[in-house]
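> Protein sequences appear in the order of chains A and B.
Start counting the first sequence at 6; every next residue gets the next number (the numbering used here).
Start counting the second sequence at 382; every next residue gets the next number (the numbering used here).
In this text, a Cβ means the ideal position worked out from N, Cα and C, and glycines have one as well.
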Amino acid sequence: MVKSSNGINRRQFLNRTATIAIAPMIVRASVLGLNGAIAPNERIVFGAIGVGNRARFILPNFLSFKEIQFAALSDCRADRLKSGKEMIDNFYGNTDCKTYSDFRDLLARKDIDAVLIATGNRWHALASIYAARAGKDIYCEKPVTLYIKEGRALVDTCKRYGTIYQAGTQRRSTASYKFAVEMVRQGKIGKLHTVEMQVWTGPAIPHQQATPIPEGWNYDMWLGQTPWKPFVPARVNNWPYFFDTGDGIMTDMGCHYTDQMQWALGTDDTGPIEFECSGEFPDPKKYMSDTMITGVGKCKYANGVVGIIYQRRGFTDRYIKYIGDEGWIQVDDETDEIKAHPKSILSLKSATGSSWANASDHIKNLLDCIKSRKQTLCHPEVAHRANTICLALTISARLGRKLKWDPVKEQFDDEDANRMLYREPRAPWKV
Amino acid sequence: MKTQTECFIVNPEPPGKFNVKGFMKKLVKSLISICVALTIGFQAYCESHKVETDLPENFNQAVKLVVSYQSGSSMEPLREIEAVVVKCKGNPVLKNKVESALEQIIINPLSTIEAKKFACQQLAIIGAVNSLKSLGKLASVELTSGFACMALVNSPSPKAASEILAQAYRDGNLTAKIQIINAIGNLRQPTSIPFLKQILAENQTQIIESALFALGKIGTREATDAILRFNSSKPEIYGISVADALLLCAEKAATEHRREEASKIYDIIFNSPNCPLHIKRAAFLGLVKTDSDGGILRIEKTLIDRDSSLKPVAISLIPTLKGSGISRKFSNILPSLSASEQALLVDALARIGDNIALSTIQNLAISSIPEVKFAAITALGNIGNEKQAGLLLKALSETTSPDESRVIETALASLKGGEKTDIAIAGGLQKSTPETKARIINVLGRRYATTTIPQIMREAASSQTAVSRAAFKVLSRMCSDRHIPALVDGLINLKSSQIRGEAENAIAAVIERSQNKKQCESIVCERLTNIKDIDAKVSLINLLPVCGGKKAFEMAKLAYSDSNSNIKEAALRAICEWQDISAWDCLIKIYENPDSDSHRVLALRGLTRILGEENIRPDAELVAKYERLIKGAKSDSDKKLVLGALSGCHHPEALYLALELVKEPTLKSEAIEAVKKIAAAIQNKYPKEASEALVKIK
């Protein structure tokens, strides 16, 4: 019965840490009794585009659904294709999974209904757009785009083809986050005036010279739409921290929290009207990475609510905190713990659900929507608008000035910033 | 009398004798004066606002260094140029200078590819105007084509950029050509249509596909005609590309209020033979948007049609339809649909949520088709209120299916209507079976129905384990301070002994949240003094550490001297779980003079936990307490337990104590680990002590 100083008893604490620490693992379909448990016409055939670390983390969540059948994989690295195939084949107990080094060949397959896109960020929107044009429904990892106009193109393309699309901002399906948003919406913390978000300190990657492209890599495909540059191992392995291929931690992780902020504010189809961001960039003499190490980004909504993203401290210190004139509520991302003032808010929480590490509820929402053709929780407009906040902040940081934003026209009050809304893709890719 | 202003504007020339030559002279003079004034004005503005129009001293040097830039070398010159680029806003003089310098980089034959990439990216930010020709040359080369187009597409002169690109097209290879066509498409200039039409006559598939897409992006009537003409003369392999392009054209027409034109294009796509489903779906969505009735008739027709492929998407659009009678119209169609389509339509009707929709859904909540029934129950939960509670409660009492039960419970939990609905649902407790009662209680918990706490309290006293268990679980969340006396009485009078632990946990959770722990302590102690039942006493003793406080601690100590072994053991556990160091004296006595070895071990666990929590205030006094525990230890496992806590005590004395234990062979490895941990933690504050200790364990 004894409670620890933070109000959790030791047994609960152990249970909780166990839940967080255990990474999803793949158990054979036959063990789960999934083989043949569903009629073929009920089955949704999936292909995976990009089978790196993130795909491997989330695949067990997908495979736990009996209606999902993974039939094909695509990656520009031969080693990943091989091990990815082994993983899928091992799950189904056969050798049926087909592999493709060019995802367009996977998209050309008529039997594939949907795709899981877990590539590097530079590919997220473009692969989604190609998938939508090929008539596939989509689960795509975040951040959903690399630049704002690409986000708008993603929204338009999915609308055009009636594509069902779920962005991998799975905290919308996570009990703790849903609860926090619900409390804000019910006015339990009074009138919301500030949303504080924290992501971790970004790294600085030292200079490294170009090397020959390793065997088994389709580097041209790896680069995708981004401007050509030579193969530099440290740059390729740390792509999130380079402007051409990622947008740094502020966008990579920040979009999870801006998504929550937008949800709480009910601004899913619009956004803030002002952005200001500054931060510390790597020393160009020593480092080749060019995205922020630490920084503070502020955005302001038309109703006066301010969102602040801090990029600082360690990986485990990330959180979102809603502050109102009568209290606050915070979700700690690492532990999934909710803190609040007044504490009485916490008693309103019902039985705990899965943490963000389990995306099953989010995937379930996608599957339901594929059948009903309804919008998912994180449809393209939602994802694009949340991502826009992060991208606009990093534009502000790059230009070193405050920017005003028209969320209807999706234009800044600044010509240079407007030109940073778009990056012409390298041929043959087009948005 | 004329005013001064009127005098000023009076033409000195007599009427009818307008002197063209003189006027032109004056006009030119005036224009020159304006230009001079503007230039002087801008310079004055720059001076007064400290706008820097000169390039920084190091700029030219930075440009020189950038020319030879490649991965692996310093990026400092790149950042120096970027810093000037961001200052160009509103400063045309500086912008021209920077653009010129960047152009020098891209035309310099010695420039590396990475230097050219950098220069183009900067031009893309400031907006290339004077460097278009140089960029055009770069666009025709495969490796640099992408960078060049990045800058060209962002040019403030899109027409000029398109022309430059069209000229560059001739010299490019396949990849560069595709890049150029894509860029032309993104510049969206109708003047590019003749050029793109020419390209359609070429014979390379990728080029033709890109040109079709570019025409689609331009999307004017002329572009549409070009695509349609191409479609009538070319093989079917371009079918998808043509459809994609036409969809873009139709979208543009619809946006520009050319509805008929858009509708015509969508119609062509929709009716084209062998049209893949996703293209057909896209055309269908477009047609619904452009239909004059908002798509009502088309959706209705689709649902009646034999082809079921578009029915789900048609149903998903129903809630967006405007006009009266929508619910009735589609409710009438519902019986003709398949089970899964009916389920989708039920959901769509629920999203409309009017009375007709509600009535249709209520009728389907008793459907014999499970899929439809489940959908209707879920829908009722989403749109219903207290009036639907009875129907759902009846369904809950009748169902034997766990799946159906879950769906009904969720629906009941979702019903709107606040307290009225809560009361209506709690009304179901009276006549239900124990199993249903437990489910209803769960629902009330999910609704956080605090007005029904008295009813749930009554159920907590039930002799039915499932009911009592469910009630305590829910009460643990919903109750507050004022409910504690009743909850404690409920625990004392518990009829089902199987759930005693759960009931204790529930009350503990309420006490834990309480803002008035003193009152909780008082209630629990008062009841503990007055009751005789052993089990109830044990339960209350278990609650003492959660309450905390001196009185509660005294009660725990008193209970430890009780002759009943159950009470004694509960009391010891309570003392062991005490939340602060006030339990130290009592526990150390038990540890050093135990009634039994099991009591000694329990006391030791409690003591190490307390010390572990005290580690946040490490001092010599705390280490002395650890030492006392070590001295009283009867086995290696006792000492290992103490060592585990000691390793978190960041103080030099703790380090010395751990070092002492290194000497004991059976504890050596654990003691070394402890030394390492403590040394690492105190290294900054006590570097000498830490390093000496680490040397000793080497």
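State the Cα-Cα distance for the pair I49 of chain A and I117 of chain A, rounded to the nearest angstrom.
In the first sequence, residue 49 of chain A corresponds to position 44, counting from 1. In the first sequence, residue 117 of chain A corresponds to position 112, counting from 1. Their Cα atoms are separated by approximately 8 Å.
> What number of angstroms, rounded off, separates the C-alpha of A724 of chain B from the C-alpha of A509 of chain B?
Residue 724 of chain B sits at position 343 when you count from the first residue of the second sequence. Residue 509 of chain B sits at position 128 when you count from the first residue of the second sequence. C-alpha separation (whole angstroms): 57 Å.
> Assign K484 of chain B to buried or exposed, taking buried as 16 or more other Cβ atoms, counted over all protein chains shown, within 10 Å of its Cβ.
In the second sequence, the residue the question calls residue 484 of chain B occupies position 103. Just to set this straight, residue 484 of chain B is Glu in the shown sequence, not Lys. Looking at its Cβ environment, which holds 16 or more other Cβ atoms inside 10 Å, E484 of chain B is buried.
> Using a Cβ-Cβ distance cut-off of 8 Å, determine whether E420 of chain A contacts chain C.
No chain C appears in this structure, whose protein chains are A and B.
> If the cut is a Cβ gap below 7 Å, which residues of chain A does S521 of chain B touch?
For the purposes of this step, residue 521 of chain B is identified with residue 140 of the second sequence, where counting begins at 1. Here the premise fails: no neighbours, minimum Cβ distance about 12 Å.
> Distance check for L666 of chain B and L796 of chain B, CA to CA, integer angstroms please.
As a working note, residue 796 of chain B is residue 415 in the second sequence. As a working note, residue 666 of chain B is residue 285 in the second sequence. Cα-Cα distance, rounded: 33 Å.
> Anything in chain A within Cβ reach of Q711 of chain B, meaning under 7 Å, just list it in chain order.
Translated into positions along the second sequence, residue 711 of chain B becomes position 330. The question names Gln, but residue 711 of chain B in the sequence shown is Phe. Here the premise fails: no neighbours, minimum Cβ distance about 15 Å.
> I'd like the list of long-range same chain contacts for M202 of chain A, defined as Cβ closer than 6 Å, with 5 residues on each side in sequence excluded.
The count along the first sequence starts at 1 and reaches residue 202 of chain A at position 197. Excluding positions up to five away in sequence, the list reads Y262, I314 and I325.
> Q214 of chain A touches chain B at which residues, Cβ-Cβ below 9 Å?
Counting from one through the first sequence, the residue named residue 214 of chain A turns up at place 209. Ordered by position in chain B, the residues that pass the 9 Å Cβ test against Q214 of chain A are Q451, S452, G453 and S454.
> With a threshold of 8 Å between beta carbons, is A77 of chain A in contact with chain B?
On the first sequence, position 72 is the one that residue 77 of chain A refers to. False, the Cβ-Cβ gap to chain B never drops below 8 Å.
> Mark D728 of chain B as exposed unless 16 or more other C-beta atoms lie within 10 angstroms of its C-beta, in which case mark it buried.
Within the second sequence, numbered from 1, the residue matching residue 728 of chain B stands at position 347. It counts as buried.
> In angstroms, rounded to a whole number, what distance separates the CA positions of H212 of chain A and S452 of chain B?
Residue mapping note: residue 212 of chain A aligns to position 207 of the first sequence, counting from 1. Residue mapping note: residue 452 of chain B aligns to position 71 of the second sequence, counting from 1. Computed Cα separation, rounded: 7 Å.
> Please classify R16 of chain A: is it buried, with 16 or more other beta-carbons within 10 angstroms of its beta-carbon, or exposed?
Position 11 of the first sequence, counting from 1, holds the residue named residue 16 of chain A. Because the pLDDT of R16 of chain A is 34, which lies under 50, any placement of that residue in the model is unreliable, and the question is left without a value.
> Residues of chain B with CB under 7 Å from A432 of chain A, in chain order?
By 1-based counting over the first sequence, the position of residue 432 of chain A is 427. The contacting residues are S526, G527, T556, I559, Q560 and N563.
> Quick one: does G41 of chain A have its CB under 8 Å from some CB of chain B?
Taking the first sequence and counting its residues from 1, one reaches residue 41 of chain A at position 36. Here the model assigns G41 of chain A a pLDDT of 45, short of 50, so the residue's position is not dependable and the matter cannot be decided.
> Nearest chain B C-beta to K409 of chain A closer than 8 Å, yes or no?
Start at 1 with the first residue of the first sequence, and residue 409 of chain A comes out as number 404. No, K409 of chain A does not count as interfacial toward chain B.
> Under DSSP, the alpha helix (DSSP H) around F934 of chain B begins and ends at which residues?
Locating residue 934 of chain B in the second sequence gives position 553, counting from the first residue. It spans K931 to Y941 - the alpha helix (DSSP H) in which F934 of chain B sits, taken as one unbroken run.
> Indicate whether A520 of chain B and A496 of chain B have their beta-carbon atoms separated by less than 8 Å.
The residue given as residue 520 of chain B occupies position 139 in the second sequence. The residue given as residue 496 of chain B occupies position 115 in the second sequence. Not a contact, by the Cβ cut-off of 8 Å.
> Using a Cβ-Cβ cut-off of 7 Å (strictly less than) and excluding sequence neighbours within five positions of L159 of chain A, which residues of its own chain qualify?
In the first sequence, residue 159 of chain A corresponds to position 154, counting from 1. Cβ neighbours of L159 of chain A beyond the five flanking positions: A130, S133, I134, V149, T150, P385 and H389.
> At a Cβ threshold of 8 Å, is M297 of chain A touching chain B?
Residue numbering aside, residue 297 of chain A sits at position 292 when the first sequence is read from its first letter. Output row for M297 of chain A: interface = no.
> Specify whether the stretch 109-128 of chain A and the stretch 50-58 of chain A touch according to this definition: at least 3 beta carbon pairs, one from each stretch, less than 8 Å apart.
They touch, by the three-pair rule.
> Any idea which residues DSSP pairs M202 of chain A with across the strands?
Against the first sequence, residue 202 of chain A aligns to sequence position 197. According to DSSP, which records beta bridges pairwise, M202 of chain A is partnered with A:I314 and A:I325.
> Report the residue from A:G312, A:T162, A:I375 and A:A76 whose alpha carbon sits nearest the alpha carbon of G329 of chain A.
Taking the first residue of the first sequence as position 1, residue 329 of chain A is located at position 324. When each option's Cα is compared against that of G329 of chain A, the closest is A:G312.
> Within the same chain, show all residues whose beta-carbon is closer than 6 Å to that of T601 of chain B, passing over the 5 residues directly before and after it, in chain order.
The count along the second sequence starts at 1 and reaches residue 601 of chain B at position 220. So the qualifying residues of the chain are P571.
> Suppose the cutoff is 8 Å on Cβ atoms and the five residues either side in sequence are ignored; what does the same chain contact list for L678 of chain B look like?
For the purposes of this step, residue 678 of chain B is identified with residue 297 of the second sequence, where counting begins at 1. D672.
> For D728 of chain B, which residues in chain A fall below 9 Å Cβ to Cβ?
The residue you call residue 728 of chain B lines up with position 347 of the second sequence. Ordered by position in chain A, the residues that pass the 9 Å Cβ test against D728 of chain B are S377 and K379.
> Can you confirm whether V237 of chain A, when its beta carbon is compared against all beta carbons of chain B, has any partner nearer than 8 Å?
What you label residue 237 of chain A is simply residue 232 of the first sequence in a count that begins at 1. Yes - at least one Cβ of chain B is within 8 Å of the one on V237 of chain A.
> Am I right that L577 of chain B and A549 of chain B are in contact with their C-beta atoms under 8 Å? What's the rounded C-beta distance?
The residue given as residue 577 of chain B occupies position 196 in the second sequence. The residue given as residue 549 of chain B occupies position 168 in the second sequence. Incorrect: roughly 15 Å between the Cβ atoms, too far for contact.
> When you compare each of A:V387, A:A60 and A:E47 to A362 of chain A by their alpha carbons, which one comes out closest?
Residue 362 of chain A sits at position 357 when you count from the first residue of the first sequence. Nearest option by C-alpha distance: A:A60.
> Could you name the residues of chain A that Q587 of chain B contacts, counting a contact when the two beta carbons are closer than 8 Å?
As a working note, residue 587 of chain B is residue 206 in the second sequence. P433, listed in chain order.
> Give me the Cα-Cα distance between E590 of chain B and W434 of chain A, rounded to the nearest whole angstrom.
Numbered from its first residue, the second sequence carries residue 590 of chain B at position 209. Numbered from its first residue, the first sequence carries residue 434 of chain A at position 429. Each residue's alpha carbon lies about 12 Å from the other.
> Which residues of chain A have a Cβ atom closer than 7 Å to the Cβ of I750 of chain B, listed in chain order?
Translated into the one-based positions of the second sequence, residue 750 of chain B becomes position 369. Going along chain A, no residue has its Cβ under 7 Å from I750 of chain B, so there is no contact; the nearest lies around 16 Å.
> Return helix, strand or coil for T1031 of chain B, following the three-state DSSP convention.
Translated into the one-based positions of the second sequence, residue 1031 of chain B becomes position 650. It is worth fixing the name first, because residue 1031 of chain B is His in this sequence and not Thr. Of the three classes helix, strand and coil, the one that applies to H1031 of chain B here is coil, per DSSP.
> Cβ of H638 of chain B less than 8 Å from any chain A Cβ?
Sequence index remark: in the second sequence, residue 638 of chain B carries index 257 (1-based). Judged by the 8 Å Cβ criterion, H638 of chain B is not in contact with chain A.
> DSSP on H261 of chain A, reduced to helix/strand/coil?
Within the first sequence, residue 261 of chain A is the residue found at index 256, counting from 1. Here H261 of chain A sits in helix by DSSP.
> Starting from the C-beta of I750 of chain B, find all residues in its chain whose C-beta is less than 7 Å away, skip the five residues before and the five after it, and write them out in chain order.
Sequence index remark: in the second sequence, residue 750 of chain B carries index 369 (1-based). For I750 of chain B, where only same-chain residues beyond five positions count, the Cβ hits under 7 Å are A720.
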